[in-house]
Amino acid sequence: NRRFLLVRRPRGYPVEEDFSLIASDIPSPPKGGFVVRNHFASLDPAQRGWMDDEESYLPPIALDDPVRATTIGMVHASDHPSFPVGQWVMGLNALEDFSVVVPGGFTMPIDAAAVASPSHYLSALGAVGLTAYFGLVEAARPKAGETLLVSGAAGAVGSAVGQIGKILGCRVIGIAGGAEKCRRLLDDYGFDAAIDYKGKDHAALVEAIAQAAPEGADIVFENVGGHVLEAEVFNLARHARIILCGLISEYNAASREGLRNLWQILARCATIHGFLISDYVDRFPEGATQMAQWLADGRLRVDEDIQYGLENAYSAFMRLFTGENTGKLILRIV
Ligand code: NDP
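Numbers 75 to 408, taken from our numbering, label the letters of the sequence shown in order.
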């Protein structure tokens, strides 16, 4: 049983020495629990936050514990009648070959036969797709004709947000890094306009957004923070809603600076709405049904960036912070 451990808290960008891949025996199921053979693991920006010793919505990953991750796998050994051997499951486990699930642990059965690949439960039908769905539909409540500005737009959450915005009749503008990602926003995901934030200083980014959204953005779906958010707040429509979904530009920063120019929020009577997908767990089936329908109708495109092998967990994870990932980043374990 190979396990990818956090052995030191990263300072800034994680380095390989912060982790260690060890081998141990395959565990046995605890009384009333079971053991999962992990096949796919979700690699998420949030994992970087869990590596810090900081107050958050989940406790920090303990040192010498495997890196916490949502995984998809098959029950390998079981002492739980509802989770027989061979059942596909999804749960909050770790980057390891085998995970022990104790009674009451967060794991649910999934219908692997209903999808082309079980990995879809980590992308379109998983937390990422549902973050886009509930973050936009419920937190932002878009109306047809509104202008939606999405940062991190070519990523897993952002690309789904933009496409859902189009389905709901919004004019959608995406901000992403590099010409190729901007091309994909327009050609692959059907955005109305795309802005490359790379190489642009504050004034140039403010201007580029102003050109794409002359009336200002009614909704900002924020995945990035930092200087991208600072430029966005100068382009708000009156009563704009900013959905604060993620702040990836800050996850490896030595210190958190906070948003300057808060005056722009006041001046536009705007709202900042902190959003966490965990608030919507009870409504996952409803969101997943809608996402599955849009997928089946060809109205939603979902890309997965599948990397292989627990031994490559570090380099795979870092793709999120170099911008190399092309879609939902997933580690295939077996
Ligand atoms: P993505 O697939 O979007 O991958 C991360 C992308 O972020 C990279 O490809 C890169 O794109 C961009 N990025 C990385 N570093 C920087 C930087 N310093 N400045 C600007 N952009 C950067 O990841 P996800 O879709 O999984 O996550 C997107 C966001 O959503 C994250 O902030 C995450 O924390 C958040 N999230 C929040 C949830 C919630 O419940 N609130 C749930 C799930 C995700 P580029 O090349 O364009 O720079």
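Beta carbons: idealized from backbone N, C-alpha and C, even for Gly.
Because the structure is a prediction, the values reported are computed rather than measured.
Item                                                                                                                            : Value
Check whether M365 and A198 have beta carbons under 9 Å apart                                                                   : yes
Neighbourhood of N167 by C-beta distance below 6 Å, restricted to the same chain and skipping five residues each side           : T145 and S173
Nearest to I269 (by Cα), restricted to the options E289, S225 and D292                                                          : S225
Local conformation of L80 per DSSP, three classes                                                                               : strand
Contacts around Y388, its chain only, beta-carbon distance under 7 Å, and the 5 residues preceding and following it disregarded : E90 and F93
Residues of its chain near P119, where Cβ-Cβ distance is below 7 Å and the 5 sequence neighbours each way are ignored           : G320, I322, Y325 and L394
Nearest candidate by alpha-carbon position, reference P84, set A136, A278 and I96                                               : A136
DSSP three-state assignment for G239, whether helix, strand or coil                                                             : helix
Contact between the region 229 to 236 and the region 204 to 214 (3+ Cβ pairs under 8 Å)                                         : yes
Straight-line gap, F308 to L318 (C-alpha atoms, nearest Å)                                                                      : 16 Å
Proximity of L403 and A230 at Cβ, strictly below 9 Å                                                                            : yes
Same chain, Cβ closer than 8 Å to I184, neighbours up to 5 away in sequence not counted                                         : I146, W162, V163, M164, P192 and Y195
Local conformation of P359 per DSSP, three classes                                                                              : helix
Whether F114 touches L95 by CB criterion (9 Å)                                                                                  : no
Host alpha helix (DSSP H) of E306 (start-end)                                                                                   : G300 to E306
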